[in-house]
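In my numbering, the protein residues as written are 873 to 1096. Glycine included, C-beta positions come from ideal geometry on N, C-alpha and C. Taking it in order: structure first as structure tokens, then the write-up.
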């Protein structure tokens, strides 16, 4: 008789929740309900946190029935997903006019000042947006939202990469993309650091982060 033990089958990863809205609101009353759901979720995020948030709580806060919510969103993660998309679109609107040839051609010291100013605008935007800080935390803490966050960072990297290579065509594109991708992550890491440690000086964090990025880009352009 064989003494071999059958291998234990690997556990299946948990199913990824559906993040897409069930349908878009078209009529004014439907739009009003849709926006009320999002506003209620944003308010509750700051009060109860991500784990305790539920569709039932959102319904109570919004003053609607669960069937009314489920017409538009299949679960709480889909509501968080929509709030996250809105935040990232507004952040991208700040980045787009900055990611141009003129910025990439600035001397390192001026580039650092420009990036620090962008960082401060980004910080202000997120802090002023309803639940912006909590949505930022959810992007990292909720597994279902992490792929969206990474795709957004990749899109931002490519947005900056194109004008950078126009100004510095001799730089290896792959190395440039890696450096800029890390720069985008550095910007957002500093962004989240201020939310986690509000006692820090935003301007000092912005300037330190920007100088680090500018120094690395200067070394990249110089071929060091």
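Reference residue i; option with closest CA among the options
i	options	result
residue 891	903, 904, 950 and 916	950
residue 1092	1037, 1019, 899 and 1027	1037
residue 946	935, 956, 957 and 926	926
residue 967	985, 955 and 993	993
residue 1046	1039, 1033 and 1007	1033
residue 986	998, 999 and 971	971
residue 944	919, 988, 938 and 895	895
residue 960	917, 929 and 1027	1027
residue 907	941, 979 and 918	941
residue 1095	928, 1043 and 924	1043
Coarse secondary structure for residue i, derived from DSSP in three states
i	result
residue 890	coil
residue 1014	coil
residue 831	Outside the modelled stretch of the chain, which goes from 873 to 1096, sits residue 831, for which no answer is possible.
residue 934	helix
residue 1038	helix
residue 1019	helix
residue 1077	helix
residue 926	coil
residue 964	helix
residue 1044	coil
residue 1095	coil
residue 1088	helix
residue 971	coil
residue 977	coil
residue 1069	coil
residue 985	helix
residue 1052	helix
Residues of its chain near residue i, where Cβ-Cβ distance is below 6 Å and the 5 sequence neighbours each way are ignored
i	result
residue 983	1086
residue 1040	1093
residue 1031	971
residue 977	1039
residue 1025	1056
Cβ neighbours of residue i in the same chain (closer than 7 Å, five flanking residues each side left out)
i	result
residue 1016	888, 889, 891 and 949
residue 903	897
residue 1029	1049, 1052, 1053 and 1056
residue 1059	991 and 1081
residue 873	With a pLDDT of 49 at residue 873, under the threshold of 50, the modelled position of this residue cannot be trusted; read the value that follows with caution. Counting only Cβ-Cβ distances below 7 Å, and skipping sequence neighbours, we find nothing.
residue 1083	984
Within-8 Å CB hit, residue i to chain C
i	result
residue 985	Considering every chain present, this structure includes no chain C. It has just one protein chain.
Rounded Cβ spacing between residue i and residue j (contact assumed at less than 8 Å)
i	j	result
residue 1013	residue 922	6 Å
residue 1010	residue 956	7 Å
residue 997	residue 962	6 Å
residue 954	residue 900	Not really, about 19 Å apart at Cβ, beyond 8 Å.
residue 980	residue 1090	5 Å
Residues near residue i by beta carbon distance below 8 Å, same chain, minus five either side
i	result
residue 883	Caution is warranted here: a pLDDT of 48 is assigned to residue 883, below 50, making its placement in the model unreliable, and the coordinate value is therefore given only provisionally. Nothing meets the Cβ criterion.
residue 928	938
The region 1002-1009 / the region 904-915 touching (three or more Cβ pairs under 8 Å): yes
Given 8 Å, three or more beta-carbon pairs between the region 1071-1081 and the region 1043-1063: yes
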